[in-house]
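Using full-length UniProt numbering, you'd call the opening residue of the sequence shown number 1 and step up by one each time.
Have a look at the structure below before the remarks.
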Amino acid sequence: MVDFLPFLGFHRGGPPWGRLLASGFFQGGLLRCQGGYNGGNNKDGDGVRLLIAEDDPKMRVALKRLLENNQYVVDSVSDGWSALRYAETAEYDGLILDIAMPGVDGLEVLRQLRSQGVSTPALFLTAMAEIPQRVAGLDAGADDYLSKPCATPELLARVRAMLRRKENYLPDLLTVGGLALNRSTYELSWQGKSQSLSGREFQILEMLMERPGFVVTTNQLLSHVWGWDSDVDCSVVWVHISNIRKKLARLGAPAGIRFLRGAGYVLEVVQ
Numbered sequence: 001m002v003d004f005l006p007f008l009g010f011h012r013g014g015p016p017w018g019r020l021l022a023s024g025f026f027q028g029g030l031l032r033c034q035g036g037y038n039g040g041n042n043k044d045g046d047g048v049r050l051l052i053a054e055d056d057p058k059m060r061v062a063l064k065r066l067l068e069n070n071q072y073v074v075d076s077v078s079d080g081w082s083a084l085r086y087a088e089t090a091e092y093d094g095l096i097l098d099i100a101m102p103g104v105d106g107l108e109v110l111r112q113l114r115s116q117g118v119s120t121p122a123l124f125l126t127a128m129a130e131i132p133q134r135v136a137g138l139d140a141g142a143d144d145y146l147s148k149p150c151a152t153p154e155l156l157a158r159v160r161a162m163l164r165r166k167e168n169y170l171p172d173l174l175t176v177g178g179l180a181l182n183r184s185t186y187e188l189s190w191q192g193k194s195q196s197l198s199g200r201e202f203q204i205l206e207m208l209m210e211r212p213g214f215v216v217t218t219n220q221l222l223s224h225v226w227g228w229d230s231d232v233d234c235s236v237v238w239v240h241i242s243n244i245r246k247k248l249a250r251l252g253a254p255a256g257i258r259f260l261r262g263a264g265y266v267l268e269v270v271q
């Protein structure tokens with residue numbers, strides 16, 4: 001059995017927040033867990049700086065204490081506008097954002113940061129667990145999505161994974177023959193002109209630009225963009241490819257996406 005952080009919600013019949021505090025069960029921001037996990041002896045952060053944006057004060061305090069007890073340096077705010085201000089003016093190693101916040105929600109916070117070129121890895125932590133909300137969060141530029149309730153070991157593991165992705169973070173600009181794809185702003189540019197891409201257009205074009213001149217199969221695109229278990233029809237890929245072609249044409253870029261029947265798609269750029 002693994003206990004849950006109080007702000008993330010207990011399993012049915014779990015003890016309430018007040019009794020936890022009164023009993024001393026909540027120690028140093030961590031819940032003692034059975035099954036070999038002991039947050040107090042598991043030091044993860046080593047000075048890594050995180051920003052938490054969460055409007056519920058009890059949730060915010062619990063998460064802050066948990067992370068600080070694991071050696072993270074943590075700033076916390078209660079609304080979206082404050083999250084934007086902090087993230088724009090300070091350097092963070094990772095962001096943990098709730099979606100439903102006053103002022104501006106977490107999705108819009110991350111969209112604005114990404115549009116400004118802020119590439120800090122981000123984790124959405126929210127009770128909104130439906131697939132459309134998860135997709136919206138990932139399309140907004142999040143690196144991961146964790147729904148409440150969740151166990152504290154999983155939360156800490158997700159934070160560690162988010163930070164590892166920062167260590168392996170790809171350059172903001174992917175260029176092929178003068179054609180540039182901005183990974184932070186989802187913009188495609190050529191000789192001073194630019195076109196904005198949707199999240200799925202970006203993912204498709206990124207995959208093609210990483211393999212210029214090589215065939216990327218329709219199944220590879222479906223798996224990469226929609227997930228291996230998706231029931232999306234192949235025609236949806238064609239629609240997005242068609243939109244990308246139109247944007248390449250508007251830029252006047254010497255590039256095209258060719259379809260090879262029975263094989264897939266290939267990006268061709270005149271050098």
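Glycine included, every Cβ here is placed at the ideal spot set by N, Cα and C.
Everything numeric in this text was worked out from a predicted model, so none of it was measured.
query, result
"Span of the alpha helix (DSSP H) around residue 63", "57-69"
"Alpha helix (DSSP H) runs contained entirely in the UniProt domain \"Response regulatory\" (49-163), provided each spans 4 or more residues", "57-69, 80-89, 106-115 and 131-139"
"Expected contact under 8 Å - CB spacing of residue 59 and residue 123 to nearest Å", "14 Å between Cβ atoms; not a contact."
"Buried/exposed call for residue 116, threshold 16 Cβ in 10 Å", "exposed"
"Distance between beta carbons of residue 164 and residue 146, contact taken as under 8 Å", "Not really, about 16 Å apart at Cβ, beyond 8 Å."
"Terminal residues of the alpha helix (DSSP H) in which residue 210 lies", "No alpha helix (DSSP H) holds residue 210; DSSP gives it neither H nor E."
"Own chain residues within Cβ distance below 8 Å of residue 241, not counting five before or after", "204, 257, 259 and 265"
"DSSP beta-bridge partners of residue 193", "190"
"Cβ shell of residue 105 (< 7 Å), same chain only, five flanking positions each side left out", "80 and 99"
"For residue 217, the three-state DSSP class (helix, strand or coil)", "coil"
"Backbone CA spacing between residue 148 and residue 141 [nearest angstrom]", "20 Å"
"Residue span of the beta strand (DSSP E) that contains residue 176, given as start and end", "173-176"
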